[in-house]
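Note sheet for the following structure.
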């Protein structure tokens with residue numbers, strides 16, 4: 001049976017890996033990154049040019065500004081205003097500076113691609129004014145320095161993990177990490193839920209499932225498809241890791257990469273392990289749910305309708321993960337972060353911003369793993385019962401009947417009485433699993449009816 005399961009998994013993997021659609025999904029982030037990189041290089045090439053500035057008839061000011069390295073400009077003195085205007089019109093300079101009644105004015109040409117840093121020039125000219133005022137008041141350089149020294153101030157936040165993050169910049173970085181983690185997990189979930197739904201829908205609509213089940217069991221098809229899609233996911237993530245490793249030596253000096261590196265500097269190795277583990281377990285759980293509901297469809301066109309409730313369930317955690325980055329203290333979000341199939345995105349986001357402890361995060365991961373195993377086991381019978389069924393009933397009605405075992409009860413009504421005359425209750429078999437599935441479906445429908453409509 002194991003060999004047959006791997007055979008189904010390999011078939012799914014090979015058919016998808018050879019398709020253009022899979023590679024379009026895999027390579028699209030690289031293409032977007034390349035476009036972003038080219039745009040950044042074009043912008044930076046213009047920004048790296050040194051602007052040419054002429055100071056009108058003020059040699060002393062020209063000498064002071066020329067020594068200021070923060071201005072990043074070539075500065076010279078010109079005696080005639082008429083001459084600098086001509087130079088500006090001809091493009092020989094990028095701007096000129098005039099001083100009149102204590103007011104500084106920089107004039108630039110709208111055709112010039114080089115811009116002056118207004119903040120740097122304002123700071124430099126402010127220093128010039130301060131120096132003039134200090135000379136007039138007979139203040140020494142040490143007195144001026146002492147007056148201008150900023151107050152020593154730091155801002156720290158005590159987190160639940162006992163660590164401290166400093167300043168608003170770190171808070172903003174944590175919020176960004178939490179949001180990015182939620183978006184990444186949600187995107188991968190929806191991508192591979194669609195893939196496994198299409199695989200099962202294609203086989204049912206083409207009526208090839210009867211032939212497949214004649215040679216293998218339903219469990220072989222059920223787990224083989226899930227393993228095949230997991231292999232696709234691992235391949236995609238491996239390509240991303242390899243691609244980033246190859247490109248990193250060439251892009252590590254870019255300002256954007258340095259900014260991302262600073263943002264990720266607070267992420268620990270433990271969080272990285274948790275992110276990978278929760279992502280894989282969460283995606284596996286959604287793949288199992290997708291396999292169950294996709295077994296109820298009659299044709300390919302019904303796959304999207306069947307997987308819609310799964311998308312809505314994933315959106316609860318996705319929206320909660322983004323909202324939790326800004327209002328992490330909300331009690332509703334804290335409770336939801338422990339609920340299976342919502343926790344993969346929501347708890348990951350809360351852990352990223354250090355508002356949940358590591359213990360809470362691993363408890364949520366454990367609950368998600370238990371729920372995934374329970375639904376996988378219960379899904380075996382639902383998949384086997386419905387994969388060869390072509391009913392005209394609504395998909396949700398079929399799913400409820402499969403969860404509650406009504407169809408099996410009607411089929412086995414004559415077998416309820418045992419040999420010793422005692423009644424058997426088929427509903428009691430695996431009742432905790434079915435009860436968990438019923439509660440999950442109720443949550444999905446409530447979310448669909450009251451949140452998304």
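Residue numbers (UniProt numbering): 1 to 453. Ideal Cβ positions, reconstructed from N, Cα and C, are used throughout, including at glycine.
> What is the DSSP secondary structure of residue 243, counted as helix, strand or coil?
Replying inline: helix
> Curious, which full-length beta strand (DSSP E) runs of at least 3 residues does the stretch 3-91 contain?
Replying inline: 52-56 and 74-78
> How long is the line joining the alpha carbons of residue 152 and residue 287, rounded to whole angstroms?
Replying inline: 54 Å
> Which whole-angstrom value is the C-beta distance of residue 225 and residue 200, which I expect to be below 8 Å?
Replying inline: 7 Å
> Taking the alpha-carbon positions, what's the residue 164 to residue 321 distance?
Replying inline: Note that residue 164 scores 49 on pLDDT, short of 50, meaning its location in the model is unreliable; the coordinates nonetheless yield the value given after this. Cα to Cα, the separation comes out at about 22 Å.
>> Comparing C-alpha positions only, which one of 117, 144 and 120 sits nearest to residue 130?
In response: 144
>> According to DSSP, is residue 133 part of a helix, a strand, or is it coil?
In response: helix
> If you run the structure through DSSP and keep just helix, strand and coil, what is residue 359?
Replying inline: helix
>> Would residue 185 and residue 291 be called neighbours here (beta carbons separated by less than 8 Å)?
In response: no
> If you run the structure through DSSP and keep just helix, strand and coil, what is residue 105?
Replying inline: strand
>> In the DSSP output, which residue or residues are listed as bridge partners for residue 99?
In response: 104
> When you compare only the Cα positions, how much space is there between residue 50 and residue 252?
Replying inline: 24 Å
> DSSP on residue 143, reduced to helix/strand/coil?
Replying inline: helix
>> In this structure, how does DSSP classify residue 340 when only helix, strand and coil are distinguished?
In response: coil
>> For residue 371 and residue 340, which I take to be in contact (beta-carbon distance under 8 Å), what is that distance rounded to the nearest angstrom?
In response: 3 Å
> Closest to residue 289 by CA distance: which of 358, 379 and 248 is it?
Replying inline: 379
>> Using only the alpha-carbon positions, how far apart do residue 192 and residue 304 sit?
In response: 13 Å
> Closest to residue 2 by CA distance: which of 254, 221, 134 and 346 is it?
Replying inline: 221
>> If you measure between the beta carbons of residue 314 and residue 343, is that distance less than 8 Å?
In response: no
> Distance, Cα to Cα, residue 12 vs residue 72?
Replying inline: 58 Å
> According to the neighbour-count rule (16 or more other Cβ atoms, all chains shown, within 10 Å of its Cβ), is residue 422 buried or exposed?
Replying inline: Confidence at residue 422 is low in this model, with a pLDDT of 47, below 50, so the placement of that residue should be treated as unreliable; the coordinate-derived value is given next. When all chains shown are included, residue 422 counts as exposed.
>> Determine whether the beta carbon atoms of residue 345 and residue 218 lie at a separation below 8 Å.
In response: no
>> Mapping the DSSP letters down to three states, classify residue 312 as helix, strand or coil.
In response: helix
>> According to DSSP, is residue 291 part of a helix, a strand, or is it coil?
In response: helix
> In the structure shown, what three-state DSSP assignment does residue 299 receive?
Replying inline: coil
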